[in-house]
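Here's the structure we're looking at; comments come further down.
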Amino acid sequence: MRRKDREITDVNEILEVINSCKVCRLAMADNNRPYIVPLNFGYTFEGDRMVLYFHSAKTGEKIDIMKKNGTVCFEMDGDHTLIEGPHACDYGFAYRSVIGFGTVSFIEDDKEKTFALNTIMKHQTDDSREYTYGENHLRNVCVYKVICSSFTGKQKRFFI
730 MRRKDREITD VNEILEVINS CKVCRLAMAD NNRPYIVPLN FGYTFEGDRM
780 VLYFHSAKTG EKIDIMKKNG TVCFEMDGDH TLIEGPHACD YGFAYRSVIG
830 FGTVSFIEDD KEKTFALNTI MKHQTDDSRE YTYGENHLRN VCVYKVICSS
880 FTGKQKRFFI
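Counting in the working numbering, the sequence shown runs from 730 upward without gaps.
As structure tokens, this is what we get:
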């Protein structure tokens with residue numbers, strides 16, 4: 730990271746950023762053609778290992794790309810504040826963000842799918858209920874995870 734003064738090094742602060750975000754942008758590449766999509770997500774973090782969970786339709790462009798090339802990049806951000814100044818070049822933008830890299834793994838096992846879907850639901854709703862999913866629902870949804878190989882946090886603070 731070029732701007733070390735903006736790097737978030739405390740893992741707990743990075744997790745605060747992730748907890749405040751409901752959308753993760755997942756980027757992938759189809760040969761030399763980049764593709765990015767905003768997705769709802771959930772995650773687990775144990776030790777130093779983070780896993781992001783997603784779900785979608787079973788077919789489509791992102792699924793096709795990830796099946797060919799499972800290397801992805803992700804980004805999420807929040808805490809946006811416009812910083813005004815007396816001149817246009819004095820304006821800025823406060824934010825906190827997380828960017829990382831990982832590998833996609835498609836989930837086929839119904840128990841693991843249920844775990845992943847419940848992880849997404851917990852993150853999106855702040856509800857710790859354990860949901861159940863019918864066989865038909867599990868069969869008709871694509872559930873996948875990104876096993877993160879690295880991630881960094883960055884922020885620009887606004888002080889009054």
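Ideal Cβ placement from N, Cα and C applies to all residues, glycine included.
Start and end residues, beta strand (DSSP E) containing Asn769 | As a position in the sequence shown, residue 769 is number 40, starting the count at 1. Per DSSP, Asn769 belongs to the beta strand (DSSP E) from 762-769.
What residues in its chain sit with their C-beta under 6 angstroms from that of Gly821, if we drop five residues either side in the sequence?
-> Translated into the one-based positions of the sequence shown, residue 821 becomes position 92. Counting only Cβ-Cβ distances below 6 angstroms, and skipping sequence neighbours, we find Ile812.
When the Cβ atoms of the stretch 736-750 are set against those of the stretch 761-768, are three or more pairs found closer than 8 angstroms?
-> no
Among Arg858, Lys885, Glu837, Thr854, the one whose alpha carbon lies nearest that of Glu864 | Numbered from 1 along the sequence shown, position 135 holds the residue referred to as residue 864. Considering only alpha carbons, the answer is Glu837.
What runs of the alpha helix (DSSP H), each 4 residues or longer, lie entirely inside the stretch 801-857?
-> 839-854
At which residues does the beta strand (DSSP E) containing Lys883 begin and terminate?
-> Position 154 of the sequence shown holds residue 883. Counting along the chain, the beta strand (DSSP E) containing Lys883 begins and ends at 871-885.
Mark Ser878 as exposed unless 16 or more other C-beta atoms lie within 10 angstroms of its C-beta, in which case mark it buried.
-> Indexing the sequence shown from 1 puts residue 878 at position 149. Answer is exposed; the Cβ neighbour count stays below 16.
For Lys787, is the classification buried or exposed, using 16 other Cβ atoms within 10 angstroms of its Cβ as the cut-off for buried?
-> The residue you call residue 787 lines up with position 58 of the sequence shown. Looking at its Cβ environment, which holds fewer than 16 other Cβ atoms inside 10 Å, Lys787 is exposed.
Kindly list the residues whose CB is nearer than 7 angstroms to the CB of Lys842, restricted to its own chain and excluding five residues on each side of it in sequence; keep chain order.
-> As a working note, residue 842 is residue 113 in the sequence shown. Excluding positions up to five away in sequence, the list reads Ile836, Leu867, Val872.
Can you grab the Cα-Cα spacing for the pair Asn869 / His784, in whole Å?
-> Position 140 of the sequence shown, counted from the start, is the residue given in the question as residue 869. Position 55 of the sequence shown, counted from the start, is the residue given in the question as residue 784. One C-alpha to the other measures close to 11 angstroms.
Among Asp808, Ala817, Leu768, Met779, which one has its Cα closest to the Cα of Ala823?
-> Reading the sequence shown from its first residue, position 94 is the one you call residue 823. Ranking Asp808, Ala817, Leu768, Met779 by Cα distance to Ala823 puts Asp808 first.
Figure out for me which residue from Val875, Gly771, Asn798 has the closest Cα to the Cα of Asp759.
-> Translated into positions along the sequence shown, residue 759 becomes position 30. Comparing Cα-Cα distances from Asp759 to each of Val875, Gly771, Asn798, the minimum goes to Asn798.
What three-state label does DSSP hand Glu902 in the structure shown?
-> Residue 902 is absent from the structure shown; the chain starts at 730 and stops at 889.
What number of angstroms, rounded off, separates the C-alpha of Pro815 from the C-alpha of Phe770?
-> Here the question's residue 815 lines up with position 86 in the sequence shown. Here the question's residue 770 lines up with position 41 in the sequence shown. If you take the alpha carbons of Pro815 and Phe770, they lie about 39 angstroms apart.
Looking at the structure shown, is Arg731 part of a helix, part of a strand, or coil, going by DSSP?
-> Position 2 of the sequence shown holds residue 731. Coil at Arg731, not helix or strand.
Under three-state DSSP, which class holds Asp739?
-> The sequence position of residue 739 within the sequence shown is 10, counting from 1. Residue state, collapsed to three classes: coil.
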